[in-house]
Amino acid sequence: MRVYLLVFYQSTDMSKAFDSVQSPLLLSKLKSYGFNDNVIKMLNSYLSDRYNRVRMGSTVTSDWKRVVRGCPQGSSLGPLIWNIFQNDLVYNIDANISMYADDHQICQKGKGIDSVHTMLEKSASSATEWASDTRRLERIQERGLRAVYRDTKSSYNQLLNRANLPTLLNRRLQDICILMYKVQHTKMCSEAITNMFKPRDSCYRNSDFLIPRFNTVTFGKHSLRYLGPILWRKLDKKDRLSKSLGDFKNGIRKKNLTSLIDNGCRGCFLCNS
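All residue numbers for the sequence shown refer to full-length UniProt numbering, where the first residue is 1 and numbers rise by one.
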């Protein structure tokens, strides 16, 4: 007896996937899989001390900047590194899923169109939730720490304290404060970025999009344009009056800023960890 089933597929292409690879977390994951020290050292050398720059036309180029995360694109090893980095995605989706690098195909099958469509929507929603930067990187960081310390009982915060690491949320807030310090000292920041934080900027809809995902049009009070001035005003006056950017960075990296954001920001997937 033949049974005819409907099969639905959904294809996805993850944005900036290769750029999101955190090499310390990747190496911790490989170590937990049993890779020997020589392989870990080789991959660490492969991912470390890389520099990028941007070129416009044949004459305008930016300064070389050190790449602090991500893996080389266009290489044979890049897709393999990313697949190892993202392989826990399959544990979060109740569906058949094929993955090659940042291309995913989610498959659901069943007898009725409505039921299959509902299952596919649920699977796609799970994939989207996993793919949000904060949750993905926090989850991998936690698993990496548990593997390194062989500790399944301590809380995530206890593991972070043990490793002397900030949460990704706190790191993001620190970066925003550093940007605001540069904004207050206009020579450190481009005019376009400085104008974005002006209270009466009539062109805010355009200027906000200079930093995607952090615009007031889409995210309202959860945007960088909102959070930046709020965090800056809540910082200690002593920190805001730091004489140099280096002094400000050294001080701000030692602080836990999560208590400075209001409850409204805690509901945003960009802010909430």
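The beta-carbon is built from N, C-alpha and C at its ideal position, and this holds for glycine as well.
Assignment of beta-bridge partners to Q105 by DSSP yields S11 and S98. Apart from sequence neighbours up to five positions away, the residues of its chain that approach S62 with a beta-carbon distance below 8 Å are R53, V54 and R55, ordered along the chain.
Of the candidates K255, K237, L231 and L5, L5 places its Cα closest to the Cα of H117.
Every alpha helix (DSSP H) stretch that sits fully inside the region 10-82 and reaches 4 residues is listed by chain position as 23-32 and 37-47. Distance between K122 and K29, taken at the CA atoms: about 28 Å. Between R253 and Q184, the C-beta spacing is not below 8 Å. DSSP places D239 inside the alpha helix (DSSP H), whose first and last residues are K237 to R240. Going by beta carbons, L231 and C177 fall inside the 8 Å limit. If you ignore the 5 residues before and after I113, its C-beta comes within less than 8 Å of the C-beta of L6, all in its own chain and listed in chain order. Looking only at A95, L159 and R171, the smallest Cα-Cα distance to Y9 is reached by A95.
Per the coordinates, the alpha-carbon of M119 lies some 28 Å from the alpha-carbon of F18.
With 16 or more neighbouring CB atoms inside 10 Å of its own CB, W82 falls in the buried class. When the five nearest sequence neighbours on each side are left out, the beta carbons in the same chain lying within less than 8 Å of the beta carbon of G70 are those of F18, D19, S20 and V21, in order along the chain. Going by C-alpha positions, L227 is about 33 Å away from N87. In the DSSP annotation of this structure, the continuous segment of the alpha helix (DSSP H) that includes K249 starts and ends at L245 to I252.
Judged by their CB atoms, L145 and L159 are nearer to each other than the 8 Å cut-off. By alpha-carbon distance to N164, the top candidate from Q141, I93 and D102 is Q141. With respect to F85, Y181 sits apart: the two C-beta atoms are not nearer than 8 Å. Comparing alpha carbon positions, the residue from V148, R172 and R171 closest to R162 is V148. Looking from the CA of M99, the closest CA among N38, P72, A127 and S32 belongs to A127. The beta carbon of K41 sits closer than 6 Å to none of the beta carbons in its chain outside the five residues before and after it.
In this structure, R172 is the residue among T152, E191 and R172 with its C-alpha nearest to the C-alpha of K255. The three-state secondary structure of L165, taken from DSSP, is coil. Taking the CA atoms as reference points, C107 sits about 12 Å from V90. S23 places its beta carbon less than 8 Å from that of S48. Contact between N44 and L27 holds, with the beta-carbon distance rounding to 6 Å and staying under 8 Å.
The alpha-carbon of G251 is positioned some 15 Å away from that of K234.
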